[in-house]
Structure formats: C-alpha cells, structure tokens
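All remarks here apply to the structure that follows.
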Amino acid sequence: MTQSIDRDKYPSVTVIIPVYNGMFTLPKCLESLGRQDYPRPLEVIVVDDGSSDGSGDYAESNGCRVIRQRNQGPGVARNRGAEIAGGELLVFTDADCVLDSDFVTELVKPLMDEEVAGSQGIFYSKQKNLVARFIQHETFERIDKEVEAKYIDWVATYAACYRRNVFLENGGFNDTYSSEDAEFSFRLAERGYKMVLAPEARCEHLHYDDFFKFVRYKYKRAYWTVWLYRQYPNRLVKDPLTPKSRKSMMLFMVLSVLSLIAGIWWKWAVYIGLASAVILLLSTLPSTIRILKADIAVGLMTPLFLLTRTASYICGFGKGLFDYFRGVKTVKKSAAK
C-alpha cells in the first residue's frame with residue numbers, strides 16, 4: 340500500500356531563473372524542473388534579462404511566469420523574481436543548470452529546521468574538456484571542506500534556497516556587485532543567520548571550457564573580491580572564495596617576481612626570488628597529487644592551471660585595489676546566463 344504524503348508539511352516554493360540569450364541551455368533546465376519530485380506544485384519564474392533569442396517566449400510557452408527587463412544583470416533579475424514570488428521559499432538556479440529530480444526536495448530539507456535561513460546545493464559536470472574538468476575538481480576541493488562544517492557562509496545562486504521573508508527583509512542581492520551571491524551570504528552571516536550545505540541537492544552545470552574565459556573569470560572574481568573586503572574586512576582572513584592557500588600562492592608569486600627584478604640592483608634578492616619560486620611550485624603539489632589520483636590528464640595540467648589562476652588573481656586584485664583608491668569600478672558585472 341502506497342503511503343500518502345502530507346503536502347501541507349512542505350513549504351511552498353518559487354524557483355527563480357534569470358536568463359540572457361539562454362536558448363542553448365534553458366530548454367533542458369525547464370525540462371528538469373518538470374521532473375522534480377517535490378510534493379507540492381512549484382511556481383517557476385523566469386526573468387528575461389533583455390534576451391534577443393526568444394528565451395522569454397520559450398519559457399512563457401512552457402508554463403513559466405515570465406518577467407522581462409532590459410539587460411541589468413542577474414542580481415537585478417533575481418531580486419525582481421523574489422519580489423513577486425508567491426512561495427515561502429525561494430530557490431535560485433541558472434539557465435544552464437540541469438537539476439536532478441530530487442534537487443528541490445533535497446535543497447528544501449535543511450529549511451524544515453526553522454533556525455536555518457538558507458541552503459546551498461552542489462553541481463557536477465559531464466564535460467570532457469580539460470579546463471571544465473579542472474574547475475570541477477577545484478569545486479570539489481571547496482565542497483569537501485564545507486561538508487565538514489556545520490554551517491557555511493557562502494551560498495552560490497546556481498543552487499540556492501532562502502526563506503523569502505529573510506531574503507526580502509535583508510534587502511536581497513546588492514546589484515552593484517558582480518559577486519552578489521557572496522555579498523548577500525556574507526551579509527546574512529554577519530547578522531547571525533544560519534546557512535547550510537545540502538550535498539544531496541545536485542545539478543549538472545556547464546563550466547567554462549575555454550582557457551582564456553577561465554582566466555578572465557578568475558580575474559573578475561579577484562577584482563570584485565577587493566570590494567567585498569572593503570565592506571567585510573574580516574573576510575580578508577576568513578574567505579571561502581579565496582582560502583589561505585590561494586592567498587599564500589599569490590604572496591609567493593609576487594615576492595618571487597619582485598625579488599628577481601630587485602636582483603638587478605641587489606644580488607641577494609635573486610636568491611629570495613628563487614626560494615619564493617620554489618615554495619610557489621611546491622605549494623601546487625597537494626592539489627596536483629589529489630587530482631592526479633582522480634584524473635591523470637587534468638592532474639598533469641594542474642600546476643599550469645594553478646599558476647595561471649594565481650596570476651589572474653594577482654592582476655584582478657591589483658586592478659581592484661587601484662580602482663578602490665580611485666573610488667571607481669571599471670570591470671563590468673557578469674550578465675545573466
């Protein structure tokens with residue numbers, strides 16, 4: 340005999356998807372939403388961020404509630420969706436995500452505890468490209484640490500769930516940031532709200548598969564990190580986006596370059612530079628060994644990826660500091676996907 344489900348025990352949910360020219364991926368995303376096993380009907384809001392490829396029309400023809408706006412970025416799009424949402428809980432995902440059938444159910448479970456304000460799912464990728472595979476391993480490294488923690492302080496919007504009242508009462512996403520999901524998470528954490536990882540809430544996500552796009556993304560991430568640190572200076576020490584291991588690599592790369600240049604005038608600086616370079620290379624070993632065990636091809640490329648990532652961080656962070664002292668922001672925010 341099949342056991343009946345008490346639907347009233349489950350909160351109502353609104354899924355919000357910002358999209359900008361997403362016809363390549365949006366259909367699969369919406370199909371996966373149609374396969375969700377959540378016991379109550381889902382309200383799906385698609386915010387068309389100025390698309391020219393018919394993304395909004397496609398979503399509307401598939402039963403979604405569609406909001407159209409000029410291109411203003413994903414932060415504005417998500418906020419507009421949250422304002423009109425009817426659900427007690429807001430689930431955010433991206434148009435290039437394909438959700439496992441129990442994604443919403445697993446993402447909502449932690450919020451059955453009234454003390455929890457938000458939850459974060461995880462993503463995986465089936466891409467064969469080396470860059471995309473490295474990004475996935477990079478993500479697993481962060482998730483492995485978060486699984487061990489009782490609470491987390493960063494919820495990324497590809498797989499996020501918040502209580503609607505908490506989201507609105509705390510002002511939603513700050514659309515002046517490119518890393519608006521990180522800024523909002525930090526804001527909630529500073530105010531004492533609890534957020535948790537929901538590792539069983541899984542979705543397939545498309546990573547960058549182009550090396551130069553990967554480099555540009557890391558540059559922009561570092562640039563906007565400067566502005567995050569300005570608002571949340573304690574994150575300079577405790578930052579889930581840029582852990583201490585990455586900061587130390589940045590330090591030794593800068594030290595090695597500056598010391599080798601200084602060696603033109605002071606010969607002992609050359610030895611400092613060489614020692615820093617050796618330490619920098621040795622610092623790539625833990626990640627390289629870990630990835631080699633899982634993926635030999637990516638493992639062999641890991642030192643290159645790590646050193647390039649570090650250089651991108653340094654350039655982005657340096658540009659961010661330069662603009663910070665000038666009081667302007669010159670790097671564009673990311674667009675909705």
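Using this note's numbering, the letters of the sequence shown map in sequence onto residues 340 to 676.
Yeah, the Cβ is synthetic: ideal placement off N, Cα and C, and Gly gets one too.
Predicted model, so just to flag it, every value in this text is computed and none were measured.
Which stretch, first to last residue, makes up the alpha helix (DSSP H) that contains residue i?
| i | result |
| --- | --- |
| Phe588 | This sequence places Met at residue 588; Phe is not what is there. First-last of the alpha helix (DSSP H) with Met588: Lys583 to Ala601. |
| Leu536 | That residue, Leu536, is in no alpha helix (DSSP H); its beta strand (DSSP E) goes Lys533 to His544. |
| Cys436 | Counting along the chain, Cys436 falls outside any alpha helix (DSSP H), though it belongs to the beta strand (DSSP E) covering Cys436 to Leu438. |
| Arg374 | Neither: Arg374 is in no alpha helix (DSSP H) and is coded neither H nor E. |
| Thr649 | Ile635 to Arg665 |
| Arg472 | Leu469 to Glu487 |
| Arg530 | Segment: none, Arg530 is in no alpha helix (DSSP H) and carries neither H nor E. |
| Thr444 | Phe442 to Val447 |
Determine the direct distance from the alpha carbon of residue j to that of residue i, and round the result to whole angstroms.
| i | j | result |
| --- | --- | --- |
| Glu480 | Met589 | 18 Å |
| Cys403 | Lys367 | 14 Å |
| Ile344 | Glu454 | Note that Ile344 scores 49 on pLDDT, short of 50, meaning its location in the model is unreliable; the coordinates nonetheless yield the value given after this. C-alpha separation (whole angstroms): 24 Å. |
| Gly659 | Lys668 | 8 Å |
| Ala650 | Pro413 | 27 Å |
| Tyr516 | Glu522 | 8 Å |
| Leu580 | Ser440 | 28 Å |
| Thr623 | Tyr490 | 28 Å |
| Val354 | Val554 | 31 Å |
| Asp483 | Lys533 | 19 Å |
| Ala331 | Arg585 | Only positions 340 to 676 of the chain appear in this structure, which leaves residue 331 out of reach. |
| Pro380 | Gly389 | 28 Å |
| Tyr663 | Ser400 | 45 Å |
| Gln342 | Ser371 | Residue placement at Gln342 is flagged as unreliable, the pLDDT there being 42, under the threshold of 50; the coordinate-derived value follows with that caveat. Near 25 Å, if we compare the C-alpha coordinates of Ser371 and Gln342. |
| Tyr463 | Gln411 | 28 Å |
| Glu427 | Ser351 | 5 Å |
Whose C-beta lies closer than 7 Å to the C-beta of residue i among residues of the same chain, with five residues either side of it excluded?
| i | result |
| --- | --- |
| Leu631 | Gly638 |
| Pro285 | Residue 285 lies beyond the stretch modelled for the chain, which goes from 340 to 676, so this question has no answer here. |
| Glu485 | Ile491 and Leu536 |
Smallest Cα separation from residue i: which of the options?
| i | options | result |
| --- | --- | --- |
| Lys557 | Ile603, Gly373, Thr623 and Phe644 | Phe644 |
| Val385 | Pro378, Val437, Pro625 and Tyr359 | Tyr359 |
| Arg629 | Phe462, Asp376, Gln475 and Lys467 | Gln475 |
| Glu543 | Phe473, Ala434 and Glu399 | Ala434 |
| Phe551 | Gln466, Asp492 and Arg648 | Arg648 |
| Ile423 | Asn410, Leu369, Cys436 and Val405 | Val405 |
Between which two residues does the beta strand (DSSP E) containing residue i stretch?
| i | result |
| --- | --- |
| Ser458 | Val455 to Tyr463 |
| Tyr501 | Ala498 to Arg502 |
| Pro357 | Val352 to Val358 |
| Ile384 | Leu381 to Asp388 |
| Ile406 | Arg404 to Gln408 |
Suppose the cutoff is 6 Å on Cβ atoms and the five residues either side in sequence are ignored; what does the same chain contact list for residue i look like?
| i | result |
| --- | --- |
| Ala608 | Ser598, Ala601 and Gly602 |
| Asn513 | Glu519 and Glu522 |
| Arg407 | Asp387 and Gly395 |
Using a Cβ-Cβ cutoff of less than 8 Å, which residues in the same chain neighbour residue i once the five nearest sequence positions on both sides are dropped?
| i | result |
| --- | --- |
| Ile653 | Ala561, Met589, Met592 and Val593 |
Within 8 Å of any Cβ in chain B, is that where the Cβ of residue i sits?
| i | result |
| --- | --- |
| Ser440 | In the structure shown, chain B does not exist; there is a single protein chain. |
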